[in-house]
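So the structure is just underneath, and the comments pick up after that.
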Amino acid sequence: MMFDGGDNNTQEMMSVTGISTTKTKNNNKRRFSDQQIKSLELMFESETRLEPVKKLEVAKELGLHPRQVAIWFQNKRARWKSKQLEQDYSILQANYNILASKLESLKKEKQGLVIQLQKLNHLLKKPEEEGQCCEQVTSMNSIDGESDQGEGVKSDSEGQLSLSMERSEHALGGVSDDDSGTKIDCFGLQEKLNFISMAEPADGSLTSSEEWQSFDSDGLFDRYSSGYEWWDFWS
DNA sequence: TCCACACTTGTTTTTACCTCA
DNA sequence: GGTGAGGTAAAAACAAGTGTG
Numbered sequence: 017m018m019f020d021g022g023d024n025n026t027q028e029m030m031s032v033t034g035i036s037t038t039k040t041k042n043n044n045k046r047r048f049s050d051q052q053i054k055s056l057e058l059m060f061e062s063e064t065r066l067e068p069v070k071k072l073e074v075a076k077e078l079g080l081h082p083r084q085v086a087i088w089f090q091n092k093r094a095r096w097k098s099k100q101l102e103q104d105y106s107i108l109q110a111n112y113n114i115l116a117s118k119l120e121s122l123k124k125e126k127q128g129l130v131i132q133l134q135k136l137n138h139l140l141k142k143p144e145e146e147g148q149c150c151e152q153v154t155s156m157n158s159i160d161g162e163s164d165q166g167e168g169v170k171s172d173s174e175g176q177l178s179l180s181m182e183r184s185e186h187a188l189g190g191v192s193d194d195d196s197g198t199k200i201d202c203f204g205l206q207e208k209l210n211f212i213s214m215a216e217p218a219d220g221s222l223t224s225s226e227e228w229q230s231f232d233s234d235g236l237f238d239r240y241s242s243g244y245e246w247w248d249f250w251s
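Residue numbers (my numbering): 17 to 251.
This is the structure we're talking about:
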């Protein structure tokens, strides 16, 4: 406590109810003695609320009014709560910073992949322009005929990119159809990246459960699980 | 009616800064 | 110029009051 400073010793103490006070005209508010505080703190550690009977006991023991004990516990709970809030805030802020930096690095990674894709597309277009893949392209179009109306409807430029990508997949030996979700991400055209549905990177760094658990080392999220969700704190 | 909580008030203590011998 | 004592304003901590559910 801050009030253990040396000046306290030099101040004139009165001992009416074991409460320390200074020489002033108005002694409405007297600080409790160190011993009283110590006992109250000790009790608060074991139980943050006092039963009425226990309250009377404590008051008698410390030479205080039961109301004083009740108020002390009330104020203590309030102080404890605000302290707790401060701690929770710093934890959340730290976690946010970690996530933000991960998002940034993922964005960069994504950008790199998009550039790589564009380069590959460029390379693949060259043979087409020389008329070497005409038949293959025709057959591809017939296979994907329905996709123009279905799930993969995109803007012209996107559509072109998507089509050439699929061509490249076939030309390179194929990528499984299960990758369709990843494909969409790879084309890099969903600017509003969604944390939850975000495609997992190759090393699984973001979505591994261990990583996520480490954000909650203090059980912070557990504490808010009744009524709050983590996104409530997202601003 | 009693109790706990949030918010406020009034007092005390601590801290930081300044002046002066 | 460096240092310690004394004064002072602002900030922090505290006990208690008030209003409300």
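C-beta atoms are modelled at their ideal positions from N, C-alpha and C, and glycine is treated no differently. If you're wondering where the values come from, they're calculated on a predicted model, not measured in any experiment.
Here DSSP, grouped into helix, strand and coil, assigns Arg47 to strand. Assigned with DSSP and collapsed to three states, His81 falls in coil, not helix or strand. Arg65 carries a coil assignment under DSSP once its states are collapsed to helix, strand and coil. Separation of Ser117 and Leu140 (C-alpha to C-alpha, rounded to the nearest whole angstrom) is 35 Å. Put simply, the backbone Cα of Phe48 is about 33 Å away from that of Ile107.
Straight through space, the alpha carbons of Ile131 and Pro143 are spaced by roughly 20 Å.
Using a C-beta cut-off of 8 Å, the stretch 64-74 makes contact with the stretch 85-98, since at least three inter-stretch Cβ pairs fall below that distance. Between the C-alpha atoms of Glu102 and Leu66 there is a straight-line separation of about 25 Å. Straight across, the Cα-Cα distance linking Arg46 with Gln109 is about 39 Å. The beta carbon of Leu56 sits closer than 7 Å to those of Trp88, all from its chain and outside the five residues before and after it, given in chain order. Taken atom to atom, the span from the alpha-carbon of Gln51 to that of Pro68 is near 22 Å.
The Cβ-Cβ distance between Thr64 and Arg93 falls below 8 Å. Of the other Cβ atoms in all chains shown, fewer than 16 fall within 10 Å of the Cβ of Leu58; this residue is therefore exposed. Shortest Cα-Cα distance from Gly79 to any of Lys97, Ile53, His138, Gln134 involves Ile53. Taking Asn113 as the centre and dropping the five residues before and after it, the same chain places no C-beta closer than 7 Å to its C-beta. Annotation: Lys97 to Asn111 spans about 21 Å, alpha carbon to alpha carbon. Only residues of its own chain outside the window of five on either side were considered, and among them Lys92 have a CB closer than 6 Å to the CB of Phe60, listed in chain order. Excluding the 5 residues flanking it on each side, His81 has same chain C-beta neighbours closer than 7 Å at Ala75, in chain order. Put simply, the backbone Cα of Asn137 is about 18 Å away from that of Glu125.
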